Amino acid sequence: MNVVLSAEDISRALTRISHEILERNHGSTNVAILGIPTRGAHLALRVAEIMAKIEGTNIPCGTLDITLHRDDLRLRPPRAIMPTLIPQSGIEGRDVVLIDDVLFSGRTIRSALDALGEVGRPKTVQLAVLVDRGHRELPIKADFVGKNLPSSLDQSVRVSLTEIDGRDEVVIESRKQP
Amino acid sequence: MKHLLSIADLNLQEAIGILDTATELSRINDGQIKKLPTLRGRTVVNLFAEDSTRTRISFEAAAKRLSADVINFSAKGSSISKGESLKDTAMTLQAMGADAVVIRHSASGAAQRLADNQWMSGAVINAGDGTHEHPSQALLDAFTIRKHLGKGSSDLQGLHVAIVGDILHSRVARSNVLLLALLGAKVTLVAPPTLLPIGIKKWPCAVSYDFDSVLPYVDAVMMLRVQQERMTELFFPNAREYSRYYGLNAERMRTLKPAALIMHPGPMNRGLEISAEVADSARSVITEQVSNGVSVRMAILYVLLAGSSLDVGSF
Numbered sequence: 008m009n010v011v012l013s014a015e016d017i018s019r020a021l022t023r024i025s026h027e028i029l030e031r032n033h034g035s036t037n038v039a040i041l042g043i044p045t046r047g048a049h050l051a052l053r054v055a056e057i058m059a060k061i062e063g064t065n066i067p068c069g070t071l072d073i074t075l076h077r078d079d080l081r082l083r084p085p086r087a088i089m090p091t092l093i094p095q096s097g098i099e100g101r102d103v104v105l106i107d108d109v110l111f112s113g114r115t116i117r118s119a120l121d122a123l124g125e126v127g128r129p130k131t132v133q134l135a136v137l138v139d140r141g142h143r144e145l146p147i148k149a150d151f152v153g154k155n156l157p158s159s160l161d162q163s164v165r166v167s168l169t170e171i172d173g174r175d176e177v178v179i180e181s182r183k184q185p
Numbered sequence: 030m031k032h033l034l035s036i037a038d039l040n041l042q043e044a045i046g047i048l049d050t051a052t053e054l055s056r057i058n059d060g061q062i063k064k065l066p067t068l069r070g071r072t073v074v075n076l077f078a079e080d081s082t083r084t085r086i087s088f089e090a091a092a093k094r095l096s097a098d099v100i101n102f103s104a105k106g107s108s109i110s111k112g113e114s115l116k117d118t119a120m121t122l123q124a125m126g127a128d129a130v131v132i133r134h135s136a137s138g139a140a141q142r143l144a145d146n147q148w149m150s151g152a153v154i155n156a157g158d159g160t161h162e163h164p165s166q167a168l169l170d171a172f173t174i175r176k177h178l179g180k181g182s183s184d185l186q187g188l189h190v191a192i193v194g195d196i197l198h199s200r201v202a203r204s205n206v207l208l209l210a211l212l213g214a215k216v217t218l219v220a221p222p223t224l225l226p227i228g229i230k231k232w233p234c235a236v237s238y239d240f241d242s243v244l245p246y247v248d249a250v251m252m253l254r255v256q257q258e259r260m261t262e263l264f265f266p267n268a269r270e271y272s273r274y275y276g277l278n279a280e281r282m283r284t285l286k287p288a289a290l291i292m293h294p295g296p297m298n299r300g301l302e303i304s305a306e307v308a309d310s311a312r313s314v315i316t317e318q319v320s321n322g323v324s325v326r327m328a329i330l331y332v333l334l335a336g337s338s339l340d341v342g343s344f
């Protein structure tokens, strides 16, 4: 087990991502943040909070559950559905920033794009992730990355967040041999 | 979970899993999205060998919102009316590639029989079998109660529900007693002795013959339809007397707690077990039960059909 991001590292990465989102979108007026449950939703709240502090205004922030749009539903037992909470202002014509903890195959993000299409038509969709571990299976790329983490397929990347796991930390470990 | 045949087969975790899934799906139903791709390419057959409006339409709407293909099949106008057996009907459905069969049948145990035999490989969902069970109705009733009175908790601990009327012929009552008890609610059945089934003492609930003594203490009162089509004997002297002792009218409604819910699984006999004034009152959640039914049935289809059929798990 190897700690690759400490609590301070995560906090710094989220602050930088928040600044980058504001820079890219020339401020926050048209931005809406959507986190992908479970951990992405908490990261989205943190990023929205940081952006609100910088800009001095509220940032629309919500969650987007992708369970019903997954392409691997039939390969596993049914999963619990998480809440989808779209901000009051909606996403129509907005610059939507999707936030997730780990970018891996890209399939979650593909499902998220499908789910988003059901809700409305944003002006742009951008992607922010805490960790990009590579091994993409689809042509998907993140716009804002906390840390690029080259990993091997037999390793697993585990993100812990205070809200769920009691502490902030990203570790990489060898997958247990079956 | 492979089938949904009876509430008795569910454990607490599975029941709450279905209710929680329904909660998220109802939020989607309230929003602008009415269609989800989740069950694309799956076929759901509604096999209704007994009349139904709500349940059939509700299952059809639920399956369609999840993008499943729906085939409706009712006894009238099908080969069942020519005397085809359940086995042959099931094998026909199997040959057509049904992933799930929603069955309503006048014989108790019909759904169980369909599931136990190897006539077909799909999931079986009991939509009412004789006087046995109607699990999806119980789930939507529990969902409705939890939504109004659950105060954010996942079960129904501390709530008291009265189920009133024709318990003897009611599959809704049996499913509801089992589910409400599983979720921690207290249940009191209210009916004349002639309309209580044999062995009622073994059910996890209390029994009363006196409606008025129960009403002031309950959080929800569920009125059951007097099932005249199943009544081959005389169970009460006449409709007026039944209505006087066991009907919910405006006067009785006033003795309820202020937040108590009035429920009815439908179809109603207005003027018999429930007066029109009560059925249309602000406390009645009867039409809301119908809309919640769609979300709950979507959740049932999701839990049974969305995952892999080889590795069937629960939440």
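So the protein lines, in turn, are chains H and C. In this text, residue positions in the first sequence follow our numbering: the first is 8, and each later residue adds one. In this text, residue positions in the second sequence follow our numbering: the first is 30, and each later residue adds one. Beta carbons are placed, not taken as given, at the ideal position from N, Cα and C, and that holds for glycine. The model shown is predicted, which means the values in this text are computed figures rather than measured ones.
{"Item": "Kindly say whether residue 126 of chain H, judged by its beta-carbon, lies nearer than 8 Å to any beta-carbon of chain C.", "Value": "yes"}
{"Item": "Does the structure place the stretch 87-95 of chain H close enough to the stretch 35-49 of chain H that three or more beta carbon pairs sit under 8 Å?", "Value": "yes"}
{"Item": "Within this structure, are the beta carbons of residue 51 of chain C and residue 172 of chain C separated by less than 8 Å?", "Value": "yes"}
{"Item": "Under 8 Å between C-beta atoms, does residue 45 of chain H make it to chain C?", "Value": "no"}
{"Item": "Relative to chain H, which residues along the stretch 65-83 of chain C have a C-beta separation below 8 Å, given in chain order?", "Value": "65, 66, 67"}
{"Item": "Output the distance between the C-alpha atoms of residue 288 of chain C and residue 217 of chain C, rounded to the nearest integer angstrom.", "Value": "18 Å"}
{"Item": "Can you round the beta-carbon distance between residue 161 of chain H and residue 182 of chain H to whole angstroms, since I take them to be within the 8 Å contact cut?", "Value": "5 Å"}
{"Item": "Run through the DSSP bridge pairs and tell me what residue 75 of chain C is partnered with.", "Value": "C:101, C:131"}
{"Item": "Tell me, please, which residues DSSP counts as bridged to residue 345 of chain C.", "Value": "There is no way to answer for residue 345 of chain C, as the model of chain C reaches only from 30 to 344."}
{"Item": "Is there at least one Cβ from chain C nearer than 8 Å to residue 53 of chain H's Cβ?", "Value": "no"}
{"Item": "Let's see if you can read the secondary structure: which residues bound the beta strand (DSSP E) around residue 116 of chain C?", "Value": "From DSSP, residue 116 of chain C is part of no beta strand (DSSP E) but of the alpha helix (DSSP H) over 115-124."}
{"Item": "Buried or exposed: which applies to residue 117 of chain C, given that a residue is buried once 16 or more other Cβ atoms fall within 10 Å of its Cβ?", "Value": "exposed"}
{"Item": "Just the Cα atoms here: how many angstroms apart are residue 184 of chain C and residue 325 of chain C?", "Value": "16 Å"}
{"Item": "Any beta carbon from chain C within less than 8 Å of residue 87 of chain H's own beta carbon?", "Value": "yes"}
{"Item": "Can you have a look at residue 129 of chain H and say buried or exposed, based on whether 16 or more other CB atoms are within 10 angstroms of its CB?", "Value": "buried"}
{"Item": "Under 8 Å between beta-carbons, which chain C residues line up against residue 94 of chain H? List them in chain order, please.", "Value": "What residue 94 of chain H touches in chain C: nothing, since even the nearest Cβ is about 12 Å away."}
{"Item": "Which residues in the same chain as residue 210 of chain C place their Cβ atom closer than 7 Å to its Cβ, once the five residues preceding and following it in sequence are excluded?", "Value": "216, 233, 234"}
{"Item": "Can you tell me the Cα-Cα spacing of residue 130 of chain C and residue 203 of chain C, whole angstroms?", "Value": "22 Å"}
{"Item": "Residue 66 of chain H and residue 35 of chain H - do their beta-carbons sit closer together than 8 Å?", "Value": "yes"}
{"Item": "So what's residue 256 of chain C in DSSP terms, helix, strand or just coil?", "Value": "coil"}
{"Item": "When the distance is taken between beta carbons, is residue 68 of chain C closer than 8 Å to residue 328 of chain C?", "Value": "no"}
{"Item": "Taking 7 Å as the cut-off, does the CB of residue 258 of chain C come closer than this to any heavy atom belonging to the ligand SAM?", "Value": "Absence of the ligand SAM is noted for the structure shown, with no ligands found whatsoever."}
{"Item": "Helix, strand or coil for residue 175 of chain H? Go by DSSP, reduced to three states.", "Value": "coil"}
{"Item": "Whose Cβ in chain H lies nearer than 8 Å to the Cβ of residue 98 of chain C?", "Value": "Within 8 Å Cβ-Cβ: nothing; residue 98 of chain C doesn't reach chain H, min ~16 Å."}
{"Item": "Inspect the CB distances between the stretch 92-103 of chain C and the stretch 32-48 of chain C and report whether three or more fall short of 8 Å.", "Value": "no"}
{"Item": "For the beta strand (DSSP E) that residue 312 of chain C lies in, which residues bound it at each end?", "Value": "That residue, residue 312 of chain C, is in no beta strand (DSSP E); it is neither H nor E in DSSP."}
{"Item": "Roughly how many angstroms lie between the CA atoms of residue 146 of chain H and residue 196 of chain C, to the nearest whole one?", "Value": "60 Å"}
{"Item": "Entirely within the stretch 93-176 of chain H and at least 4 residues each: give me those alpha helix (DSSP H) ranges in chain order.", "Value": "114-126, 169-172"}
{"Item": "Apply the 10 Å Cβ neighbour rule to residue 342 of chain C and answer buried if 16 or more other Cβ atoms are within range, or exposed otherwise.", "Value": "Residue placement at residue 342 of chain C is flagged as unreliable, the pLDDT there being 42, under the threshold of 50; the coordinate-derived value follows with that caveat. Residue 342 of chain C comes out exposed."}
{"Item": "Could you compute how far the alpha carbon of residue 174 of chain H sits from the alpha carbon of residue 115 of chain H?", "Value": "24 Å"}
{"Item": "Give the DSSP bridge partners of residue 10 of chain H, in chain order.", "Value": "H:178"}
{"Item": "I'd like to confirm the pairing. Which residues does DSSP put opposite residue 69 of chain H in its beta bridges?", "Value": "H:41"}
{"Item": "With a threshold of 16 other CB atoms inside 10 Å of the CB of residue 150 of chain C, please say whether the residue is buried or exposed.", "Value": "exposed"}
{"Item": "Please tell me whether residue 139 of chain H and residue 155 of chain H are closer than 8 Å, where the distance is taken between their beta carbons.", "Value": "yes"}
{"Item": "Is the separation between the beta-carbon of residue 34 of chain C and that of residue 140 of chain C shorter than 8 Å?", "Value": "yes"}
{"Item": "Does the distance from the C-beta atom of residue 281 of chain C to that of residue 244 of chain C stay below 8 Å?", "Value": "yes"}
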